[in-house]
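Worksheet: the structure to be examined is printed underneath.
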Amino acid sequence: AQKITQTQPGMFVQEKEAVTLDCTYDTSDPSYGLFWYKQPSSGEMIFLIYQGSYDQQNATEGRYSLNFQKARKSANLVISASQLGDSAMYFCAMGTGTASKLTFGTGTRLQVTL
Amino acid sequence: GAVVSQHPSRVICKSGTSVKIECRSLDFQATTMFWYRQFPKKSLMLMATSNEGSKATYEQGVEKDKFLINHASLTLSTLTVTSAHPEDSSFYICSAGAWASGRYNEQFFGPGTRLTVL
Chain A
1 AQKITQTQPG MFVQEKEAVT LDCTYDTSDP SYGLFWYKQP SSGEMIFLIY QGSYDQQNAT
61 EGRYSLNFQK ARKSANLVIS ASQLGDSAMY FCAMGTGTAS KLTFGTGTRL QVTL
Chain B
115 GAVVSQHPSR VICKSGTSVK IECRSLDFQA TTMFWYRQFP KKSLMLMATS NEGSKATYEQ
175 GVEKDKFLIN HASLTLSTLT VTSAHPEDSS FYICSAGAWA SGRYNEQFFG PGTRLTVL
């Protein structure tokens, strides 16, 4: 069975600082994809970044980077130079196998302060 | 590209009525769509997987007679909440599978529908 664990229910970060949101996963499938989504108060799920299990390099998308440590089964999201607009819920998710489903973590609520 | 729309975005109904929510892939064909339910400050809970031209696959604990799913075309899936009650009030999100994206099991999400049952 697949499992995603996000241990930080809430995080605070000052504007312009970097923040790391933790995500660990568990799967026996050798092929999988890891996703991070941002969900603002409006409710839409905004794709941020993707890491494939066979990718050699850590993914980066603008201010977002993914610290992928395969042996530790962790896929932490790093947001650099935080902005007030980054305040939202952040979900880590994993897709494995041929079932095409995504398994979501419980989310981390990030608050960016002045 | 890869836009998924949902309609309506918000609906308020009386207890006992049925509500239909539409999910459309606007610029691509989606053989598989997914329906999620999200309670306030909680994660997304997968309700069912909707496959074009066949019956939906429901997750354990989801009442198939309560939440009717129809995926009649490659661009449209509908979720009907039958005889809605206040406990069905929730945020419902659909997504469409994107097989050609190169990202393993990627899904494109609709903007969600907020259902309030009085």
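As you go down the protein sequences, you meet chains A and B in turn.
Using my numbering, the final residue of the first sequence is 114, and nothing's skipped along the way.
Using my numbering, the final residue of the second sequence is 232, and nothing's skipped along the way.
Where is the CB? At the ideal position from N, CA and C, for every residue including glycine.
From a predicted model like this one, the values you see are computed outputs, not experimental measurements.
The alpha-carbon separation between glutamine 111(A) and tyrosine 90(A) amounts to approximately 11 Å. Lysine 70(A) has its alpha-carbon roughly 16 Å from the corresponding atom of leucine 21(A). Between lysine 101(A) and chain B, the shortest Cβ-Cβ separation is below 8 Å.
Contact between the stretch 35 to 44 of chain A and the stretch 75 to 94 of chain A is present, with at least three C-beta pairs closer than 8 Å. Residues Leu140, Asp141 of the same chain have their beta carbon placed closer than 6 Å to that of valine 117(B), with the five preceding and five following residues left out of the count. Interface residue (Cβ-Cβ distance to chain B less than 8 Å): phenylalanine 104(A) is classified as such. Sixteen is the threshold: when 16 or more other Cβ atoms of the shown chains lie within 10 Å of the Cβ of phenylalanine 104(A), as they do, the residue is buried.
The Cβ atoms of serine 132(B) and threonine 196(B) sit closer than 8 Å to each other. For valine 231(B), the enclosing beta strand (DSSP E) stretches over residues 227 to 231.
Look at the stretch 42 to 79 of chain A and you find these whole runs of beta strand (DSSP E), each 3 residues long or longer: 46 to 52, 64 to 69, 74 to 79. Close to phenylalanine 91(A), with beta-carbon spacing below 8 Å, are these residues of chain B in chain order: Ser157, Leu158. Taking C-beta atoms as the reference points, phenylalanine 223(B) and serine 204(B) fail to come closer than 8 Å. By the criterion of a C-beta distance shorter than 7 Å, leucine 158(B) is surrounded in its chain by Tyr150, Gln152, Ile207, once the five residues flanking it on both sides are discounted. Burial state of leucine 232(B) is exposed, judged by a 10 Å Cβ sphere holding fewer than 16 other Cβ atoms.
In the displayed model, glutamate 177(B) falls within coil according to three-state DSSP, outside both helix and strand. Around the beta carbon of isoleucine 49(A), 16 or more other beta carbons sit within 10 angstroms, so the residue counts as buried. For lysine 134(B), the enclosing beta strand (DSSP E) covers residues 133 to 139. Within the same chain, Lys38, Gln39, Pro40, Leu110 come within 7 Å of alanine 88(A) by CB-CB distance, once the 5 residues on both sides are set aside. Distance from leucine 190(B) to arginine 138(B) at the Cβ level is roughly 5 Å; contact confirmed, criterion being Cβ atoms closer than 8 Å. With a beta-carbon spacing of about 7 Å, alanine 162(B) and phenylalanine 181(B) fall inside the 8 Å limit used to define contacts. For the stretch 38 to 72 of chain A, the beta-carbon criterion of a distance under 9 Å to any beta-carbon of chain B is satisfied by Gln39, Ser42, Gly43, Glu44, Met45, Ile46, Phe47, Tyr50, Gly52, Ser53.
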